[in-house]
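Q:
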Amino acid sequence: MNRILAIIILGMLFLSASSQKKCSKAEQIQRFKDQKASFISERIGLNDAASNRFWPIYNNYSHKKDSLIATRSMARRNLETNMANLTNAEKEALVDLQIRLR
1 MNRILAIIIL GMLFLSASSQ KKCSKAEQIQ RFKDQKASFI SERIGLNDAA
51 SNRFWPIYNN YSHKKDSLIA TRSMARRNLE TNMANLTNAE KEALVDLQIR
101 LR
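Quick note: the sequence shown, position 99, residue 99 per the working numbering, numbers continuous.
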């Protein structure tokens with residue numbers, strides 16, 4: 001009896017987990033950005049004229065920030081994976097880059 005109950009419960013868990021909508025990472029990021037934009041617009045009370053001026057500036061800032069974060073992450077990964085193969089000058093350059101990008 002316990003075995004049957006356990007099988008039924010596991011089956012229900014499997015079905016509920018597999019039936020949930022799967023989104024790609026890009027879709028999740030885009031949905032988050034849309035929700036963030038909606039929240040910011042509502043929170044600071046942007047009208048159409050202000051919104052047309054604000055969002056290009058904010059998107060440019062956000063893109064630059066994301067680019068700096070990606071560059072810093074790449075430098076950190078490069079330092080971690082190639083530690084033995086890098087010269088001291090290369091190591092110092094990567095560490096300096098990480099510090100400058102903070």
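Positions of the beta carbon are idealized from the N, C-alpha and C atoms, including for glycine.
If we define contact as Cβ-Cβ less than 7 Å, is R100 a contact residue for chain D?
A: Among the chains of the structure shown, chain D does not appear; only one protein chain is present.
Q: Over the uninterrupted alpha helix (DSSP H) stretch that includes M74, give me the two end residues.
A: From DSSP, the alpha helix (DSSP H) with M74 extends over D48 to T81.
Q: With DSSP collapsed to three states, give me the class of M12.
A: In this structure, M12 counts as helix in the three-state DSSP scheme.
Q: Measuring only the C-alpha atoms, how far is A6 from L13?
A: Using only the alpha carbons, I get a separation of about 11 Å.
Q: Report yes if the CB atom of A70 is closer than 7 Å to the CB atom of L97, and no otherwise.
A: For A70 and L97, no; Cβs fall outside 7 Å.
Q: Taking DSSP as the reference, what is the three-state secondary structure of R102?
A: DSSP places R102 in coil when its eight states are reduced to three.
Q: Report the rounded CA-to-CA distance for D34 versus E92, giving the unit in angstroms.
A: One C-alpha to the other measures close to 40 Å.
Q: Cβ of L79 within 7 Å of Cβ of L101?
A: No, these two residues do not count as a Cβ contact at 7 Å.
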